[in-house]
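Numbering (mature numbering (1 follows the signal peptide of the UniProt record, and there is no 0)), first residue to last: -17 to -1, 1 to 524. Heads up, the beta-carbon is just placed ideally off N, CA and C, and yes, glycines get one too. All figures in this text were calculated on a predicted structure; none of them were measured in a lab.
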């Protein structure tokens, strides 16, 4: 089923928009979507207007989930779901069904069934729900199964898995295909935006299912991001590896939360994340589009789930566009905003940890008033006539790597916006790299928190770099877990724990490092609910 999207003009906005998001997305052959809630859809004019004019794809936030469509066994109700589909039909939008089989928001009567009865209930539920919309041209795709993996890439210990084993996934997809042969069928999960243990497990499962003839048509990357944990820089590469399996990819539940209170610097970083996601999708032919999980902070799920975080969406609680909207718009429009105003000049870089081949820098953020939004920063080495670009960052900090030992560097920073304009040069910062320990071997380790939630987190990557002048044949990294934190799993290294001290030793395949070469490993930790601590210091030997 293919949606046909209307193109129409709106008055010029603060983003210098010539048209709404959906028009620019359709011109790129993509969709730009949002998740809708039935309450504000029926009661708030601003909500309905923005939802109808800006987006060409919609997902029901809750109205198509099991608890909403079959709260009692065999008793189906589609009032909320039908409201969503009717709105989409009126506004020439496609609908993505969400979600058929999930371990949450599924009634207790399902969870208590035995294996045979549970499998039959699942197949009947899919047949009834998907079948209800099989002849409706607006409903073109479904999240068939949702969130089947834990953070370490193992199977989630859900009632589905514990009762039926892995086979419930293939059975669900086959039932969905039987109910609607034309719908695109997706598997969906969170924290699989970048390449990590969880996304690799997803990759392996999709590959295996397709080899068995199971009709998995697409992979959904939820992409619930936070500015405090860094952007998954390998998102595009991750999309490309899934695409190589012959499936469509899509961003299904995008939002970018920030620690409260909100300020202009956080808005700028948030806008950069939104732009990065859209650009990643635009760069991959097999990426069908991006769905933002809601669009206004007034109705966001984030504050109720993540204490002291929020403001995750492109419109604020008063339905005013934020810099994130401008970033999405201009990315979809192809940088055609006419912005010729460069960002303000960044602050003088402050030098942090310096090793034999790396240096950490931070600086005061720039601002952008030209309309295309701040896209990031370039860091240059001052060398007279021809200055060398040492690195780029989407935030106001960077760790430069690949530097020469025992060498003085003078560096400066320039900000860039979405239209390609560059700011003036910051003032210079000077530092000198160290020699490798003993003039020969040595290493450093730096850990990055990839994602975290109330009860745990994933550190990926921990980057190990040979900072010496000769090759090393093995390395050991030590770090301390905060009190109450427990190691759950790891990959690409062998980890042992004594008290709260963790010792990570190289695997057989990544211990040999030439000078300046590096490798990485990762691990997952559980922690007490509400605790926000993570390890901060890593020692390498």
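Residue i, buried or exposed, once every other Cβ within 10 Å from all chains shown has been counted against 16
i: residue 263; result: buried
i: residue 506; result: buried
i: residue 192; result: buried
i: residue 220; result: exposed
i: residue 549; result: Residue 549 lies beyond the range of the chain shown here (-17 to 524); nothing can be said about it.
i: residue 116; result: buried
i: residue 287; result: exposed
i: residue 118; result: exposed
i: residue 485; result: buried
i: residue 482; result: exposed
i: residue 76; result: buried
i: residue 386; result: buried
i: residue 304; result: buried
i: residue 422; result: Any reading at residue 422 must be qualified, since the residue scores a pLDDT of 38, below 50, and its modelled position is unreliable; the value itself is stated next. Residue 422 should be labelled exposed.
i: residue 467; result: exposed
i: residue 2; result: buried
Reduced DSSP category for residue i - H, G, I as helix; E, B as strand; rest coil
i: residue 449; result: strand
i: residue 421; result: Bear in mind that the predicted position of residue 421 carries a pLDDT of just 36, short of 50, making it unreliable; the figure below should be weighed with that in mind. Here residue 421 sits in helix by DSSP.
i: residue -13; result: The pLDDT assigned to residue -13 is 31, lower than 50, so where the model puts this residue is not dependable; a value taken from the coordinates is nonetheless given after this. In this structure, residue -13 counts as coil in the three-state DSSP scheme.
i: residue 507; result: strand
i: residue 292; result: strand
i: residue 13; result: coil
i: residue 529; result: Only positions -17 to 524 of the chain appear in this structure, which leaves residue 529 out of reach.
i: residue 145; result: helix
i: residue 271; result: strand
i: residue 208; result: strand
i: residue 231; result: strand
i: residue 4; result: helix
i: residue 132; result: strand
i: residue 40; result: strand
i: residue 276; result: coil
i: residue 473; result: strand
i: residue 127; result: strand
i: residue 138; result: strand
i: residue 326; result: coil
i: residue 192; result: helix
i: residue 319; result: Residue placement at residue 319 is poorly supported in this model, since its pLDDT is 44, which falls under 50; the coordinates still yield a value, given next. It is coil, neither helix nor strand.
i: residue 487; result: strand
i: residue 516; result: coil
i: residue 198; result: coil
i: residue 150; result: helix
i: residue 89; result: coil
i: residue 341; result: strand
Contact check, residue i vs residue j, beta carbons under 8 Å
i: residue 526; j: residue 344; result: With the chain represented from -17 up to 524, any question about residue 526 goes unanswered, as that position is not in the structure.
i: residue 316; j: residue 239; result: no
i: residue 513; j: residue 437; result: yes
i: residue 82; j: residue 129; result: yes
i: residue 325; j: residue 406; result: yes
i: residue 18; j: residue 42; result: yes
i: residue 509; j: residue 469; result: yes
i: residue 342; j: residue 360; result: no
i: residue 44; j: residue 20; result: yes
i: residue 450; j: residue 427; result: yes
i: residue 290; j: residue 278; result: no
i: residue 206; j: residue 260; result: yes
i: residue 313; j: residue 351; result: no
i: residue 135; j: residue 353; result: no
i: residue 526; j: residue 268; result: The chain is shown only over -17 to 524; residue 526 falls outside these bounds and no answer can be derived.
i: residue 166; j: residue 109; result: no
i: residue 460; j: residue 521; result: yes
i: residue 441; j: residue 179; result: yes
i: residue 189; j: residue 132; result: no
i: residue 393; j: residue 413; result: yes
One or two residues paired with residue i in a DSSP bridge
i: residue 362; result: 374, 396
i: residue 48; result: Answer by DSSP bridge pairing: none, since residue 48 is not bridged.
i: residue 440; result: 435, 508
i: residue 523; result: 460
i: residue 242; result: 292
i: residue 172; result: 204
i: residue 430; result: 445
i: residue 481; result: 484
Rounded distance between the beta-carbons of residue j and residue i, thought under 8 Å
i: residue 15; j: residue 5; result: 6 Å
i: residue 528; j: residue 488; result: Because residue 528 is not part of the residues shown, which for the chain are -17 to 524, the question remains open.
i: residue 122; j: residue 80; result: 6 Å
i: residue 255; j: residue 358; result: 6 Å
i: residue 101; j: residue 146; result: 5 Å
i: residue 156; j: residue 199; result: 6 Å
i: residue 528; j: residue 143; result: One cannot answer for residue 528 here, as it falls past the ends of the chain, which runs -17 to 524.
i: residue 274; j: residue 40; result: 6 Å
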